[in-house]
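What the sequence shown shows, in the UniProt record's numbering, is residues 1 to 191, in sequence order. Below is one structure, written out as structure tokens, with a few remarks after it.
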Amino acid sequence: MKKALVIIALSIFVVSCDKAAEVKEVKTAYVDTSVLMKEYTEAKDLEAKYKAQAEEKGRQLQAEITRFKQDAANFQSQAQANGQQWAQQRGAELQKREQQLGYAQQALSQQLQQESGVEMDSLVSGVKKFIKDYGKKNGYSYIYGTGDAASILYAEDKYDITKEVVKALNDKYKASPKTEDKPAVKEEAKK
């Protein structure tokens with residue numbers, strides 16, 4: 001009887017070990033999102049686009065600021081010669097211009113932030129979708145993100161797939177047709 005119990009116990013142990021061996025290995029990896037966004041060609045192109053726009057629009061505004069500074073310098077030298085009433089009137093005009101230039105700078109900054117924010121949100125949404133598809137295609141159970149918005153505190157370097165994802169994203173971006181507005185990206189972002 002004891003031998004039968006031992007044999008049954010061993011049989012159960014062997015069967016349970018076999019079942020444990022059948023458990024699928026969980027494949028995990030992580031992507032350093034700050035590196036991804038620095039090295040992803042589309043993100044670099046987007047950054048360059050808005051930097052160029054800021055410089056162009058900034059030059060126009062800077063020309064107005066330069067004219068204002070010249071007028072303000074002339075005001076200083078002409079104020080005593082033209083009298084107090086002229087100086088008060090001209091000073092008020094200069095103050096109003098200075099205030100308008102400040103508002104123009106602020107509006108330009110907000111406009112560029114808003115425009116770039118919309119495109120950046122679309123880009124981030126596309127990257128998230130790509131990583132999801134990449135994970136499914138390559139058999140990952142989990143892909144974690146690290147970087148600016150870290151969602152893990154530690155990961156072994158062997159699980160870092162950032163370079164692979166950047167390469168795949170850049171290959172996909174190079175292969176996609178270049179358009180000014182990119183309506184396909186905006187449509188994907190809406191999904």
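Glycine included, every Cβ here is placed at the ideal spot set by N, Cα and C. Remember, predicted model here, so these are calculated numbers, not experimental data.
Query                                                                                                                      : Result
Stretch pair the stretch 132-142 + the stretch 62-76: three plus CB contacts closer than 8 Å                               : no
Bridge partners - T28, DSSP secondary structure assignment                                                                 : Y142
Residues bridged to D133 [DSSP beta-bridge criterion]                                                                      : DSSP lists no partner for D133.
Buried versus exposed, by CB contacts within 10 Å (16 or more), E42                                                        : buried
S34: first and last residue of the uninterrupted alpha helix (DSSP H) it sits in                                           : T33 to E39
Beta-carbon contacts of E39 that lie in its chain and below 6 Å, excluding the five residues immediately before and after  : V166
D160, DSSP secondary structure in three states                                                                             : strand
Beta-carbon contacts of S116 that lie in its chain and below 6 Å, excluding the five residues immediately before and after : Y50
Status (buried if at least 16 other CB within 10 Å, exposed otherwise) for G126                                            : buried
Per-residue burial, I152 [other beta carbons within 10 Å of its own, 16 or more giving buried]                             : exposed
Beta-carbon proximity of S141 to T66, cut-off 8 Å                                                                          : no
Beta-carbon contacts of L94 that lie in its chain and below 7 Å, excluding the five residues immediately before and after  : D71, A72 and F75
Distance, Y103 Cα to A168 Cα                                                                                               : 43 Å
Helix, strand or coil at I152 [DSSP, three-state]                                                                          : coil
Helix, strand or coil at A21 [DSSP, three-state]                                                                           : Low per-residue confidence applies at A21: pLDDT is 47, beneath 50, and the placement is therefore not dependable, though the value from the model is reported in the following sentence. A21: helix per DSSP, three-state reduction.
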